[in-house]
Amino acid sequence: MIKKKTIVVAITGASGALYAQRVIQGLVTAGVHVMLVISPLGRRLLHDELAMEQPDLERLAGRVDHGITLVSYNDVGATIASGSFVTAGMVVAPCSGNKLAEIAHGLGDNLISRAAQVTLKERRRLILVHREMPLTAIDLRNMQQLTEAGAIICPANPGFYLLPQTVDDLVCFVAGKVLDLLDVEHPWNTRWTGKAPDAQAPAAGAAP
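Residue numbering for the sequence shown is 86 to 293, as defined by the numbering used here.
Written out as structure tokens, the structure is:
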């Protein structure tokens, strides 16, 4: 029997709950087992942006048979805190500047930063979907330090060359890029083919 691929997903307090939801949906749809960790401010984010009183795994995954294991933020003795627990990588989406700093400086007093340190030391793929802007010199130094340590900084910057029509198009573009970096197949349109799609005519009365 082929063992199911496991990927760690962490949600922190920067705005962008929809990015987390689409990444999780893409992973679950692809048959990936998600080990999910949510920081206290990540829980507030889900409440404020997705109206979740408590993390709703079915809503996050978009299906009942979600295949998600929710792990406590404070449980630094959880399986994903050990390099002996094999995963195919970790993504922090969204990644706040505070969590970026924790990971960059090797802190591990909570499960998100501890699991990130494990991912780096085991030379597995760590993707940080930073969303905050503008950036300070401190943020930039932290990003450089993490890049040199092997992490991938993947800002939540959607492309417009495929002429997105909805907010969800933009969210799926970013989520699809994250899944590409994790080598996970997805259905979203993120590929540049060398030719832009035909632009739709502007609505009547729209500004030129």
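Beta carbons are placed, not taken as given, at the ideal position from N, Cα and C, and that holds for glycine.
Quantities reported herein were computed from a predicted structural model and do not represent experimental measurements.
Beta-carbon proximity list for residue i, same chain, < 6 Å, skipping 5 on both sides
i	result
GLN106	LEU145
LYS280	none
TRP273	CYS257, GLY261
GLY111	ALA260, LEU264, HIS271
Option in the options with minimal Cα separation from residue i
i	options	result
ILE238	GLY162, PRO179, ASP141	PRO179
THR97	VAL252, TYR158, GLY168, VAL119	TYR158
ALA186	THR221, GLU134, ASP254	THR221
ASP224	HIS190, ILE197, ASN195	HIS190
THR278	THR251, LEU247, GLY147	LEU247
ARG216	LEU205, MET228, ASN242	ASN242
ALA236	ASP253, GLN250, ILE212	ILE212
ALA163	VAL113, SER198, HIS151, SER181	SER198
ARG208	HIS132, LEU192, THR172	THR172
LEU196	ARG148, VAL156, LEU135, GLY147	VAL156
Straight-line Cα distance separating residue j from residue i
i	j	result
PRO240	VAL214	5 Å
LEU264	LYS90	13 Å
MET218	LYS262	20 Å
HIS167	PRO282	The residue asked about is misnamed: residue 167 is Ser in this sequence, not His. The alpha-carbon atoms of SER167 and PRO282 are separated by roughly 46 Å.
THR154	THR232	28 Å
Supposed close pair residue i, residue j - CB separation, criterion 8 Å
i	j	result
LEU121	ARG210	So it is not a contact: roughly 17 Å between Cβ atoms.
Residues that residue i bridges to, as DSSP identifies them
i	result
CYS180	HIS215
Proximal residues to residue i (C-beta, below 8 Å), its chain only, five neighbours per side dropped
i	result
ARG129	GLY98
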